[in-house]
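Just so we're aligned, residue 422 is where the sequence shown starts under my numbering, counting upward by one.
We put the beta carbon where it would ideally sit given N, CA and C, even for glycine.
In this text, all values refer to a predicted model and were calculated from it rather than measured experimentally.
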Amino acid sequence: MRAHEAGTLHADGYGAAPGWLPYPSDVMELLPQLWPRSVGRQDLAEGGELTVAGLPVSHLAREFGTAAYVVDEADFRARARAFADDFTAPFERLGGAEVFYAGKAFLCSAVARWVMDEGLGLDTCSGGELAVAKRVGFPAERIALHGNNKSVAEIRQALEYGVGRIVVDSLDEIERVAAIARELGVVAPVMVRVTVGVEAHTHEFIATAHEDQKFGFSLQTGQARGAIDRILAHGSALNLLGLHSHIGSQIFDIAGFEIAARRLIGLHAQVAEAYGLHLPELDLGGGYGIAYTSEHTPMTPADLGAAMAALIEREFAPLAAKGVTVPRISIEPGRAIVGPSTFTLYEVGTVKSVEVGHGNVRTYVSVDGGMSDNVRTALYGADYSCTLASRTSHAAPRLVRVVGRHCESGDIVVMDEYLPADVSPGDLIAVPGTGAYCRSLASQYNHTPRPPVVAVRDGRARVIVRRETIDDILALDVDDLDSAEQ
Ligand code: LLP
Numbered sequence: 422m423r424a425h426e427a428g429t430l431h432a433d434g435y436g437a438a439p440g441w442l443p444y445p446s447d448v449m450e451l452l453p454q455l456w457p458r459s460v461g462r463q464d465l466a467e468g469g470e471l472t473v474a475g476l477p478v479s480h481l482a483r484e485f486g487t488a489a490y491v492v493d494e495a496d497f498r499a500r501a502r503a504f505a506d507d508f509t510a511p512f513e514r515l516g517g518a519e520v521f522y523a524g525k526a527f528l529c530s531a532v533a534r535w536v537m538d539e540g541l542g543l544d545t546c547s548g549g550e551l552a553v554a555k556r557v558g559f560p561a562e563r564i565a566l567h568g569n570n571k572s573v574a575e576i577r578q579a580l581e582y583g584v585g586r587i588v589v590d591s592l593d594e595i596e597r598v599a600a601i602a603r604e605l606g607v608v609a610p611v612m613v614r615v616t617v618g619v620e621a622h623t624h625e626f627i628a629t630a631h632e633d634q635k636f637g638f639s640l641q642t643g644q645a646r647g648a649i650d651r652i653l654a655h656g657s658a659l660n661l662l663g664l665h666s667h668i669g670s671q672i673f674d675i676a677g678f679e680i681a682a683r684r685l686i687g688l689h690a691q692v693a694e695a696y697g698l699h700l701p702e703l704d705l706g707g708g709y710g711i712a713y714t715s716e717h718t719p720m721t722p723a724d725l726g727a728a729m730a731a732l733i734e735r736e737f738a739p740l741a742a743k744g745v746t747v748p749r750i751s752i753e754p755g756r757a758i759v760g761p762s763t764f765t766l767y768e769v770g771t772v773k774s775v776e777v778g779h780g781n782v783r784t785y786v787s788v789d790g791g792m793s794d795n796v797r798t799a800l801y802g803a804d805y806s807c808t809l810a811s812r813t814s815h816a817a818p819r820l821v822r823v824v825g826r827h828c829e830s831g832d833i834v835v836m837d838e839y840l841p842a843d844v845s846p847g848d849l850i851a852v853p854g855t856g857a858y859c860r861s862l863a864s865q866y867n868h869t870p871r872p873p874v875v876a877v878r879d880g881r882a883r884v885i886v887r888r889e890t891i892d893d894i895l896a897l898d899v900d901d902l903d904s905a906e907q
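Have a look at this one:
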């Protein structure tokens, strides 16, 4: 390691800040792109505490405990509406557009209701998510069912409910859906998941349209055409609505979506030419990136809509002569709606300085959660940021690593962040951007009950997913000895 004139914190490696993380001029500042819209800070005279929808976070911590996910309902609804209105507006002059919220990012009954109220469809990928949709009476025709290995029970559940689309992912599944549709005496509306061969620039485990992965039918090798033939051969049991592509998640570069759309449209045109079939729908999936740290600059739904509509218009223009009309476009954002609407509130338990070599020290701040409520740092090397939430501080910024309470060293919540140097046990820390794929990927690792989801709106807070208890965990544990004795 080389010494650095700005001091050890600025040197390479050994406890240094990554290049994208600048030394803050104001460590208490909130970057607006990271936080739900109603988040702010009290005046310094009042303590400088973080507030959400007018509520100081210490009130939330007292009432609901920590760790807790806090979702700003108005912010969620505004982001959903921005997709439903601003994204779709430029498509009005074309074939129209529809937005399906991807429930895998986070779903519960309240969220399904918000999505329904704001006029979006719902993308589900399991019987469990479908059950939530049914519970709130989500209109069936606005529901999609995904998955590369849907069970017979899930397909039956979807067809009985009358979902608007089942996105088929394999030849086995086409046979399965057709058989169940015949048995129920219904027509199954299907879309074909196409692997368009785009290498999305994201983590390998969340990129989904390059060739060597489990999803979809390859465009390149002709599998997608084969799937279409197979569907059409089933006659009236299956109604082919259109083609679908999803290239990955947390993507900022619109070029990936554009290439995917162009390839999908190529196939759409071939289907029109070969079968005289004008598929009414075309789905471009989700994957729009959000800001987790100052290094990310996401596009707005309005800008995304304008760019995608321009592309669709351009690509379909030459096809008009062949009688190919522009289908209705759909997209499936999850993260971009729920991600920034939520932060996780933790309490600091310990602060420890560790020698990391060459005389450098790293400060580990342990909180009362961790990889059980946010596995994304450990699983994908995701970057997060955080702020001191329960008070203001005039102490100098110190580079810290925020870690969880679990029994492994990879249990990291925030790899690198500056917090005031006087951060101490009892302080509250808030981590923004935890609405997507945190509660939905949460585990009970180390028999840790999963945190609640608390919705705030207009100065009021309510639980929309309750905190798990040790009793919940023990209730699943079948003690053989007990039953043998009874
Ligand atoms: N549509 C389909 C077919 C999908 O598979 C997904 C996400 C979406 C839409 C929504 O993507 P979004 O807009 O939320 O990026 N657990 C990973 C992300 C996995 C994404 C799975 N599919 C993570 O935490 O980053």
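If we call anything under 8 Å between Cβ atoms a contact, is residue i one with residue j?
i              : j              : result
valine 615     : serine 670     : no
glycine 706    : isoleucine 668 : yes
alanine 526    : valine 852     : no
asparagine 660 : alanine 600    : no
valine 821     : valine 834     : no
glutamate 702  : leucine 662    : yes
glycine 854    : leucine 455    : yes
alanine 533    : valine 553     : yes
arginine 878   : glutamate 539  : no
threonine 813  : leucine 465    : yes
serine 496     : proline 457    : For the sequence presented, residue 496 should be read as aspartate rather than serine. Taking 8 Å as the Cβ cut-off, aspartate 496 and proline 457 qualify as a contacting pair.
Buried or exposed for residue i, please, with buried defined as at least 16 other CB atoms from any protein chain shown within 10 angstroms of its CB.
i              : result
tryptophan 441 : exposed
lysine 571     : buried
serine 811     : buried
isoleucine 891 : exposed
valine 492     : buried
cysteine 828   : exposed
arginine 883   : exposed
For residue i, which residues does DSSP report across the bridge?
i             : result
proline 610   : Asn660
lysine 773    : Tyr785
leucine 820   : Tyr839
valine 448    : None, per the DSSP bridge assignment.
alanine 565   : Asp544 and Arg586
alanine 574   : None; alanine 574 has no bridge partner.
glycine 778   : Asn781
histidine 665 : Arg614 and Asp704
alanine 523   : Asp544
leucine 766   : Ala489 and Ala851
glycine 461   : Thr472
Could you check what DSSP says for residue i in three-state terms: helix, strand or coil?
i                 : result
serine 639        : strand
leucine 895       : helix
proline 853       : strand
proline 739       : helix
tyrosine 839      : strand
glutamate 620     : coil
leucine 528       : coil
serine 479        : helix
phenylalanine 485 : helix
arginine 812      : coil
phenylalanine 497 : helix
glutamate 889     : coil
leucine 703       : strand
valine 796        : coil
alanine 533       : helix
glutamate 753     : coil
leucine 471       : strand
isoleucine 595    : helix
arginine 684      : helix
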